[in-house]
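**Q**
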Amino acid sequence: MGATTATVTAIDGGDAMQQVVATLEEDIVFGRLHPRERLTEDALMARFGLKRHVVRQALAELELMGVVERRRNVGAVVRAFDAHEVVELYALREVLECHAAALIAMPVPPRRLQALIDVQQRHDAAVAADDPRAVFRINQAFHRELFALSDNAVLQQAIGEYARRTHPIRFGTLAAAAYRERARQEHWSMIEALREGRRDDLVALCRRHLLPSRDAYLAAQKARGQ
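Quick note: the sequence shown, position 185, residue 185 per UniProt numbering, numbers continuous.
#1: Could you spell out where the alpha helix (DSSP H) holding V87 opens and where it closes?
#2: Whether or not the stretch 177-184 and the stretch 109-127 are in contact is what I'm after, with contact meaning three or more pairs of Cβ atoms, one per stretch, closer than 8 Å; do they touch?
#3: What's the C-alpha gap between P109 and E196?
#4: Relative to the C-alpha of F81, which residue among C206, R38 and P168 is closest?
#5: With distances taken Cα to Cα, identify the nearest neighbour of P212 among D15, C98, G31 and A178.
#6: Please work out which residues of its chain come closer than 7 Å, Cβ to Cβ, to L218, disregarding the five sequence neighbours upstream and downstream, and give them in chain order.
#7: The alpha helix (DSSP H) that contains V55, what's its start and end?
#8: Quick one: is E161 buried, meaning 16 or more other Cβ sit within 10 Å of its Cβ, or exposed?
#9: Can at least three beta-carbon pairs, one atom from the stretch 99-115 and one from the stretch 148-162, be found at a separation below 8 Å?
#10: Assuming R56 contacts E41 (C-beta within less than 8 Å), just tell me the rounded distance between them.
#11: Could you spell out where the alpha helix (DSSP H) holding R122 opens and where it closes?
#12: Excluding the five sequence neighbours on either side, which residues of its own chain have a C-beta within less than 6 Å of the C-beta of I28, listed in chain order?
#13: Compare the Cα-Cα distances from C206 to each of A91, E26, R70 and Q18 and report the closest residue.
#14: What did DSSP end up calling E69 once you bin it into helix, strand or coil?
#15: Taking all protein chains shown into account, do 16 or more other C-beta atoms lie within 10 angstroms of the C-beta of P132, making it buried, or fewer, making it exposed?
#16: State the Cα-Cα distance for the pair L33 and L116, rounded to the nearest angstrom.
#17: Within this structure, are the beta carbons of I159 and E88 separated by less than 8 Å?
#18: At which residues does the alpha helix (DSSP H) containing V77 begin and terminate?
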């Protein structure tokens, strides 16, 4: 059984809760759980072999991440965004990420640049292996490493928070090999901009890097007449 569908060993603790969070996060990212889909405690208890309080903790964590919301008389559901919310959310991500890119001191110390390259080489391997789950996780690591170069911990935290909120929006791009390859190439362009001290190019790349997932989600909504 693959990692995306495996049950979690019945250990009532933080580790088990985090495993549930990670698995459901990936289910949302890859479209196995759809916007507005209900997440019932009983179904999750049966799936993961865990007690109710652990499942509730996992749902609360997903709600804090912004990918699940609780509705009166319905319970927990995968969060859905209308077109206006998507545009606003990505506009905020653009402000945060482009500002972080502009703060990066250049030239970047070779040791720190190499750390980013090391992550990207893992991303290359995941893309080549056609492993969307690994691509997703290593992509997150790449952007953490990139924006850590801003040396602004508060800004890094905000970037991570609002990136997570877009998980229900991003499934269309993460599931498509062409989009994964585009992201891989853009990562290397960012690395080259850092290596050569081209700050304006780096900021422009960060802005452009956000567009595919936003535009794919909006196009899908339009096609459905939403």
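All C-beta atoms in this analysis are idealised placements derived from N, C-alpha and C, irrespective of residue type, glycine included.
**A** Reading off the structure:
#1: In the sequence shown, the residue the question calls residue 87 occupies position 87. V87 -> alpha helix (DSSP H) spans A83 to L103.
#2: yes
#3: The count along the sequence shown starts at 1 and reaches residue 109 at position 109. The count along the sequence shown starts at 1 and reaches residue 196 at position 196. Taking the straight line joining both Cα atoms gives about 12 Å.
#4: Translated into the one-based positions of the sequence shown, residue 81 becomes position 81. The candidate whose alpha carbon is nearest that of F81 is P168.
#5: If you number the sequence shown from 1, residue 212 lands on position 212. The option with the nearest alpha carbon to P212 is A178.
#6: To locate residue 218, count along the sequence shown from 1; it is residue 218. So the qualifying residues of the chain are A83 and V86.
#7: Here the question's residue 55 lines up with position 55 in the sequence shown. In the DSSP assignment, V55 falls within the alpha helix (DSSP H) that extends over R52 to M65.
#8: Stepping through the sequence shown from its first residue, residue 161 is reached at position 161. Label assigned to E161: exposed.
#9: yes
#10: Here residue 56 corresponds to residue number 56 of the sequence shown, with the count starting at 1. Here residue 41 corresponds to residue number 41 of the sequence shown, with the count starting at 1. Yes, they are in contact, since the Cβ atoms of R56 and E41 sit about 7 Å apart, within 8 Å.
#11: Residue numbering aside, residue 122 sits at position 122 when the sequence shown is read from its first letter. Per DSSP, R122 belongs to the alpha helix (DSSP H) from P110 to A128.
#12: As a first step, residue 28 is located in the sequence shown; it is residue number 28 there, counting from the start. Within the same chain, I28 has close Cβ partners V67, V78, H167 and P168.
#13: Mapped onto the sequence shown, residue 206 falls at position 206. Of A91, E26, R70 and Q18, the residue nearest in Cα terms is A91.
#14: By 1-based counting over the sequence shown, the position of residue 69 is 69. In the structure shown, E69 sits in a strand (DSSP, three-state: E or B).
#15: Working through the sequence shown from its first residue, we reach residue 132 at position 132. It counts as buried.
#16: Walking along the sequence shown from the start, residue 33 turns up at place 33. Walking along the sequence shown from the start, residue 116 turns up at place 116. So the two alpha carbons sit approximately 32 Å from each other.
#17: What you label residue 159 is simply residue 159 of the sequence shown in a count that begins at 1. What you label residue 88 is simply residue 88 of the sequence shown in a count that begins at 1. In this structure, E88 does not lie closer than 8 Å to I159 by Cβ.
#18: By one-based count along the sequence shown, residue 77 stands at place 77. Where V77 is concerned, there is no enclosing alpha helix (DSSP H), although the beta strand (DSSP E) it sits in stretches over G75 to V78.
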